[in-house]
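Peer 1: Once you've had a glance at the structure underneath, I'll fire off some questions.
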Amino acid sequence: MEMMNLFLNAGSSAIGLFLLAIISGVIWWFVRTKKERLWLPILRIFEKENKKLPKLEMKKPPILSFLFFALLMLCLFLFTLQPSLKEFVKLDPSLTRTHLFVDLSPSVSEATTMKEYVNHVKELWQKQSQRGKVTLSTSRSKDIFYANNIQELDKWLETLQFHKTGMRLSSMIGQQLELLNDVNLLVVFSDQDAHSWNGFNWSYLRDKMDVKYFPVNFSPKAKTNAYISQTRYLSTSDSKTMDWDITIQRDGSNTFRSGKLIAEFQSKILFESSWEIAPDRKDTTVHAAWNQNLVSKEAYIANEPLNWKIVSEESDANEIDNVFYTSLLGVKQNIVLINDINGEHFLEDASQDINSILQVLGFHVERYDHVNSIALSQSNIPLKILLGGGSKDFNDFCPESFFLNEDTAKLTDKSKIWLIPQNSEASYQQLCLCASRLIHRKNQAWSKPSYCEDSVDKNNFANVLRSIGASQVGGKIGYGTDALAWIMKDKLSNREILFFTVPLSARNGFGYSQLPILLKEVLKWQGVWQHNASVENWVRINDHGIIDQLDLTLLQKSNVPQSESEMKVAELSALPPGIGLELKNAEAFTPSREDKDNPLPVLRIILYIVFFLVMIELILLLIAQNRKSKAFTGLFFALFLFVNFDLYGIQLAGFKLQNPSLKYDKLKEEVESRTSITFQKDLINNYSLDGQLLRQPWMWLDSLQPIVDEQGDLHKKIFYWLKKGGFLVLQGNFSRMDLDRLTKNHFTNSSYKSEWKSLPPDSELMRSFYLLDFLPECQEASWQYLYFDKRIAVVVIPFDFLKLISDHTVKPSCLANFSNEMAIRTFVNILMVATTTDYKKDQIHLPEILKRLR
Amino acid sequence: MTELGMATIADLNPFEFLDLASNSIKNDMRMQGSFQLLLKRPSKLPEYSRQYTQGDPIQLIDWKAYARNDQLIIQQKRNESGARVVIAIEATETMNWAPEIKKQIVQPPKKMEIACRIAMHLAFLHTRMGDYVQLLFVLEDAKVCELRMKNGADVKDLFNKLLNLNFNIEKVVAPSFVELSSQVDIAYWIGDLLNGELYKEHFQRAKYQCMFHTLSSLEMSTDWMESDQCFFDESNGANEKIGKDLMENKRLLAKVHNWSNQLKQECLNSQWEYLMVHDHLLLGVYFQFIGILSRERKSRWK
């Protein structure tokens, strides 16, 4: 079984595969070694003739197969509904399949009469049967009923009765739905009783069907319910009377309740008393007692229940729970004990212990010295005990009359016999003869069997018993000599004979504590002693849905479960939507929806995939046909990779072109050849602080207007950009006042305090890449800078520097002597400062810098 | 010996001289040297003489011959020497192949034995002719063991040694560095050619080449095989076949036949003489081939 429970997953599959590989390897090895392998060098000429492997060739993708696949999908869509998804669609009302479940549990009887109830069921059946098929079932059994016409329905409805057992909708409806194939609408006729609805997950059924609740509340009888909640038997085994305590409980509204309590046995009233429950009390206990003589022993053996009835003076909600069944307790059974007295004193009486114990256990023991006609005439005696082996003649305790014949078989029907050695000196030979006689049939002549001649002690007796077919009772299995007793059953008469091999006496090793327990257990095992001395109620079956597992006799005598009588109601919100009112207005009720298989969503997805694949296929085909179209391939992949190309180079950002004809091809070449920077010659003209401008590491402007706000201050965005590491180059003639206005707001507080200064000769701009002696200047206007965040953040060039470094170098007259090379070097230095700040401060570079300086 | 008692090449003794009664030997001019004549011999036959052509030195004219037959004959003188003969034996594992045979068949000699017998015989012939004979054992890893055969006694010693050691050449020779002379006149290659084209590596420049393609009779027959036997060769990756497969439609035999034909064709194309040798080859066939070789060689060098 454990093997069956092995769970198959990826890990176990891999291990299994691995083991299989090893096993197959071993088998292969065995087969291989077993086979005689011979080296045959000439075999290598076979290889020499082997054909070469076919050259791997890139074939055109099978676009046709994809097209066929698409065609197949189309066919699937047109001609089949598989695969599909569940989808709710509107139901065709004429095909409604309705199932009516009729709750017949005790609590329903509180709110309706059967006549009313049946009428409502009938009414709904008539309306629903116009729309389709209607099936019915009740809580009484799980059978499904289908009526072809109204007469059949009437006949069926007449048979309906409330039952006393409780009922859970979950198990009952669950079982019935298994028998029903498809149901669109399930209508549950039931009251709001919490017990019935408890655990019924009707929402689960909503995926498959509509569930409606038809509230049964046609004519509520009363708001209170009185019922017997508990019975207790009080008498001891030696009492002469039968005493009971009966608790009557009232649920529902707190009103005064009174009535009579009647105990009835076999239509004979044993007890009758009145009871009442005050409004401030929940229950009352009535003490009931009657003489034992009122109940005959014969009646007791019939195993009939004792009926407790409460007759209420006020109206009661539930009449079904007014009758309560219990077992009749306290009736003493007769046991015949046959024992020859050996002495006068009771201590010498071997049966004294057994006698006392049986009385304590609630039996009436009739003792005889010898088996006589009186002893034999006792019928319906559950047990006869023979203590033998002590008398001279074994006929004293084991007369011939014990022989079985048809008459005696009737008389001793179901009776049990114990054969016990009288004492430790008892003759086992006599016991053996008695045993032989007990199992003998009268229609054959009995003679003393020879096997009893050797039966001189306990062990021999045990062996004899085993040899005649008795079964061992007690002791170790297989050790017959240790057995407490041996048992034989006669199939003809049901006579059960228990042969004890040891005397049952407290003085004989059992002790006063063990012997009663032992005897009680044996009596219990044989079914002679059946009842507990305390409370014994008839069963209360909570769920009628489990009737398959129950004894039917129990079902008939079940009491109403307390939870059905308690009048507890389930919350209305937890119940399915009710249809009682709708029923009056509408002709028939139709469920709103039904599950149907819809293949469209699946097909749609597949078609998308197919389309996508075909497109890829086409593109690949185009590429394969035209190998030169690498750019196209690149573009194709770029579409998927979303590569942002403008991150690859540095642009001269933010420069507003005054002269669009200026080009910077030479500058680009120079910069790229001298440095490792990829320089984009294109200028970003679309000036916008939100755009790509602020993503650039530097910005080159010839006007303040783009970076100032309406008040003329530096724009906040530019300030944050500088803070993040941006480098701003301003070129042109700006007055000191203009520049100060830029810094007055953001660069005056203590943490960011900074001001404009002229560029010193040892500035990093003059040594960041090339070592420059001076910077180009016009009309003695010096370069200004703003030191911020431990670096030069803004540089102001007092002339049009970009014009100077453009392809068509236009030199201002003041810079006539300034060579083009120097201009490019200056630009590279600015670029380096913008991208790396003053990296030469790094000590690692110091020796190299010093070397170059010298 | 064959079943009929005819001598096969497995019985070849190096000292077995060619049958002098055979026409090929009788017709041969002489048996002294295989390459050039060692001794001068007067002859009036025009074998080493030719007609005078204008420009020849006058003193070389055989005036006596002119006097006799009125023809201007020039006598030619030639340098004479023994030939450089190299006899190479493939000393590979495959040459020592000797399977255990279940069926009641006489265990044939190993290919190595056949090869050694042929080599010894050739060596003896050439030493007798006064040639310079070099015996090479080419091992699997292209290493070479060299043995110089000066005269018939050397050949005899070596042959007896090999015979005693059951042609286990490992006990006779040790690998040594051998520089093969580019001036090889006659080259013999004796091997099964199952280990690649070793012969091409060694003797491309010889003036005269001969291939003794040595196979075992077991390789040319499937009678000794059993259908459920498994045969393998793992030299070039695993190759495993069962006897039934090889015997079916004479598959193995057909393969060997095709393969040897192909090899023969290749040899002939590159001026190699070719003879397939196996232990069932009759001695007469071998001698006939040797005779043809000798005649062929002489006619080539005339």
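So the sequence lines, in the order shown, correspond to chains A and B.
Numbers given in my numbering equal positions in the first sequence, counted from 1, plus 11.
Numbers given in my numbering equal positions in the second sequence, counted from 1, plus 39.
Think of the CB as a built atom: it goes at the ideal place given N, C-alpha and C, for glycine as much as any other residue.
Which of the residues in the region 270-282 of chain B, read from start to end, lie with their CB under 7 Å from any CB of chain A?
Peer 2: So the list reads F270, F271, D272, S274, N275, N278, K280, given in the order they occur along the chain.
Peer 1: With DSSP as the reference, label I590(A) as helix, strand or coil.
Peer 2: Numbered from 1 along the first sequence, position 579 holds the residue referred to as residue 590(A). The answer is coil: DSSP assigns I590(A) none of H, G, I, E or B.
Peer 1: What did DSSP end up calling L165(A) once you bin it into helix, strand or coil?
Peer 2: For the purposes of this step, residue 165(A) is taken as residue 154 along the first sequence, with counting starting at 1. A quick correction: the sequence has Asp, not Leu, at residue 165(A). Here D165(A) sits in helix by DSSP.
Peer 1: Taking 8 Å as the cut-off, decide whether the C-beta atoms of I259(A) and V297(A) are in contact.
Peer 2: Taking the first sequence and counting its residues from 1, the one referred to as residue 259(A) is at position 248. Taking the first sequence and counting its residues from 1, the one referred to as residue 297(A) is at position 286. Going by C-beta atoms, I259(A) is nearer than 8 Å to V297(A).
Peer 1: Are there 16 or more other CB atoms within 10 angstroms of the CB of F511(A), so buried, or fewer, so exposed?
Peer 2: Residue mapping note: residue 511(A) aligns to position 500 of the first sequence, counting from 1. When all chains shown are included, F511(A) counts as buried.
Peer 1: Relative to the C-alpha of T878(A), which residue among E680(A), L87(A), E775(A), L281(A) is closest?
Peer 2: The first residue shown for chain A is 12 and the last is 865, placing residue 878(A) beyond what the model contains.
Peer 1: If you measure beta-carbon to beta-carbon, which residues of the region 123-146 of chain B are closer than 7 Å to chain A?
Peer 2: Within the region 123-146 of chain B, the residues whose Cβ lies closer than 7 Å to some Cβ of chain A are T133, W136, P138, listed in chain order.
Peer 1: Which two residues bound the contiguous beta strand (DSSP E) that contains A274(A)?
Peer 2: Within the first sequence, the letter at position 263 stands for residue 274(A). Counting along the chain, the beta strand (DSSP E) containing A274(A) begins and ends at 268-276.
Peer 1: How far does the alpha helix (DSSP H) with L161(B) in it extend, from its first residue to its last?
Peer 2: Walking along the second sequence from the start, residue 161(B) turns up at place 122. Taken as a continuous stretch (DSSP letters only), the alpha helix (DSSP H) holding L161(B) covers 150-168.
Peer 1: Buried or exposed, going by whether 16 or more other CB atoms sit within 10 Å of the CB of H252(B)?
Peer 2: As a first step, residue 252(B) must be located in the second sequence, where it is residue number 213. The residue is buried, with at least 16 neighbouring Cβ atoms inside 10 Å.
Peer 1: Tell me, which residues are paired with F156(A) by DSSP?
Peer 2: Residue mapping note: residue 156(A) aligns to position 145 of the first sequence, counting from 1. F156(A) is bridged to L147(A).
Peer 1: Our contact map puts E129(B) next to D193(B) with C-beta atoms below 8 Å; I'd like the distance itself, whole angstroms only.
Peer 2: Against the second sequence, residue 129(B) aligns to sequence position 90. Against the second sequence, residue 193(B) aligns to sequence position 154. 21 Å between Cβ atoms; not a contact.
Peer 1: If you measure beta-carbon to beta-carbon, which residues of the region 85-113 of chain B are closer than 9 Å to chain A?
Peer 2: Here the close residues number zero.
Peer 1: Consult DSSP for S769(A) and reduce its assignment to one of helix, strand or coil.
Peer 2: Start at 1 with the first residue of the first sequence, and residue 769(A) comes out as number 758. Strand, per DSSP.
Peer 1: Leaving out the 5 sequence neighbours to the left and right, which residues in its chain are closer than 6 Å to N16(A) when beta-carbon positions are compared?
Peer 2: Counted from its first residue, the first sequence places residue 16(A) at position 5. Residue confidence is low: N16(A) scores 41 on pLDDT, short of 50, so the model does not pin down where it sits. Its coordinate-derived value is still stated next. Nothing listed; no residue qualifies.
Peer 1: With DSSP run on the structure shown, which of helix, strand or coil describes S309(B)?
Peer 2: By one-based count along the second sequence, residue 309(B) stands at place 270. Three-state DSSP puts S309(B) in coil, outside helix and strand.
Peer 1: Do you know how far the Cα of Q455(A) is from the Cα of A420(A)?
Peer 2: Working through the first sequence from its first residue, we reach residue 420(A) at position 409. Working through the first sequence from its first residue, we reach residue 455(A) at position 444. Caution applies to A420(A), whose pLDDT of 48 falls short of 50 and renders its modelled position unreliable; the value that the coordinates give is listed next. Roughly 15 Å between the two C-alpha positions.
Peer 1: Note the first and the last residue of the continuous alpha helix (DSSP H) segment covering N470(A).
Peer 2: Here the question's residue 470(A) lines up with position 459 in the first sequence. Run containing N470(A): 469-478, per the alpha helix (DSSP H) assignment.
Peer 1: A86(A): buried (16+ other C-beta within 10 angstroms of its C-beta) or exposed?
Peer 2: Here residue 86(A) is taken as the residue at index 75 of the first sequence, counted from 1. Position check: residue 86(A) holds Cys in this sequence, whereas Ala was assumed. Exposed, by the Cβ-count rule.
Peer 1: Given a cut-off of 8 Å, decide if I257(A) and W319(A) are closer than it, judged by their beta-carbon atoms.
Peer 2: If you number the first sequence from 1, residue 319(A) lands on position 308. If you number the first sequence from 1, residue 257(A) lands on position 246. Result yes, Cβ atoms of W319(A) and I257(A) sit closer than 8 Å.
Peer 1: Give a yes or no on whether the C-beta atoms belonging to L78(A) and D272(B) are separated by under 8 Å.
Peer 2: Counting from 1 along the first sequence, the entry for residue 78(A) is found at position 67. Counting from 1 along the second sequence, the entry for residue 272(B) is found at position 233. Going by C-beta atoms, L78(A) is not nearer than 8 Å to D272(B).
Peer 1: Leaving out five residues on either side along the sequence, give the residues of the same chain with a beta carbon under 6 Å from the beta carbon of F758(A).
Peer 2: The residue given as residue 758(A) occupies position 747 in the first sequence. S765.
Peer 1: Candidates L678(A), V484(A), K232(A), Y336(A): which alpha carbon is nearest R551(A)'s?
Peer 2: Here residue 551(A) is taken as the residue at index 540 of the first sequence, counted from 1. Comparing Cα-Cα distances from R551(A) to each of L678(A), V484(A), K232(A), Y336(A), the minimum goes to Y336(A).
Peer 1: Taking DSSP's pairing of strands, which residues face Q483(A) in a bridge?
Peer 2: Translated into positions along the first sequence, residue 483(A) becomes position 472. Partner(s): W497(A).
Peer 1: In the DSSP output, what is L741(A) paired with across the bridge?
Peer 2: By one-based count along the first sequence, residue 741(A) stands at place 730. Looking at the DSSP assignment, L741(A) forms a beta bridge with L712(A), V807(A).
Peer 1: Less than 8 Å separating the beta-carbons of S201(A) and V334(A)?
Peer 2: By 1-based counting over the first sequence, the position of residue 201(A) is 190. By 1-based counting over the first sequence, the position of residue 334(A) is 323. Contact: no.
Peer 1: Measure the C-alpha to C-alpha separation of K223(A) and K343(A) and round it to an integer number of angstroms.
Peer 2: Taking the first residue of the first sequence as 1, we reach residue 223(A) at position 212. Taking the first residue of the first sequence as 1, we reach residue 343(A) at position 332. Their Cα atoms are separated by approximately 55 Å.
Peer 1: Using a Cβ-based criterion (distance less than 7 Å to any ligand heavy atom), does L49(A) qualify as near the ligand HEM?
Peer 2: Ligands are entirely absent from the displayed structure, and the ligand HEM is therefore not among its contents.
Peer 1: In whole angstroms, what is the alpha-carbon distance linking E189(A) and V571(A)?
Peer 2: Residue 189(A) sits at position 178 when you count from the first residue of the first sequence. Residue 571(A) sits at position 560 when you count from the first residue of the first sequence. E189(A) and V571(A): Cα-Cα distance of roughly 27 Å.
Peer 1: Output, in chain order, the set of chain B residues within a Cβ distance shorter than 8 Å of F57(A).
Peer 2: Within the first sequence, residue 57(A) is the residue found at index 46, counting from 1. Under the 8 Å cutoff, chain B gives N278, K280, K294.
Peer 1: Whole angstroms is fine: what's the gap from I841(A)'s alpha carbon to S746(A)'s?
Peer 2: Your numbering for residue 841(A) matches position 830 in the first sequence. Your numbering for residue 746(A) matches position 735 in the first sequence. Rounded to the nearest angstrom, the two C-alpha atoms are 22 Å apart.
Peer 1: Taking DSSP as the reference, what is the three-state secondary structure of L339(A)?
Peer 2: Position 328 of the first sequence, counting from 1, holds the residue named residue 339(A). Residue state, collapsed to three classes: coil.
Peer 1: Nearest-angstrom Cα distance between C409(A) and K469(A)?
Peer 2: The count along the first sequence starts at 1 and reaches residue 409(A) at position 398. The count along the first sequence starts at 1 and reaches residue 469(A) at position 458. Looking at the two C-alpha atoms, the distance is approximately 19 Å.
Peer 1: Rank N236(A), H726(A), L530(A) by C-alpha distance to the C-alpha of E330(A) and give the top, closest one.
Peer 2: Residue numbering aside, residue 330(A) sits at position 319 when the first sequence is read from its first letter. Considering only alpha carbons, the answer is N236(A).
Peer 1: Tell me, please, which residues DSSP counts as bridged to C86(A).
Peer 2: Position 75 of the first sequence, counted from the first residue, corresponds to residue 86(A). Partner(s): none; C86(A) has no beta bridge.
Peer 1: At the level of alpha carbons, what is the spacing between W732(A) and Y763(A)?
Peer 2: Your numbering for residue 732(A) matches position 721 in the first sequence. Your numbering for residue 763(A) matches position 752 in the first sequence. Straight-line Cα distance between these residues: approximately 14 Å.
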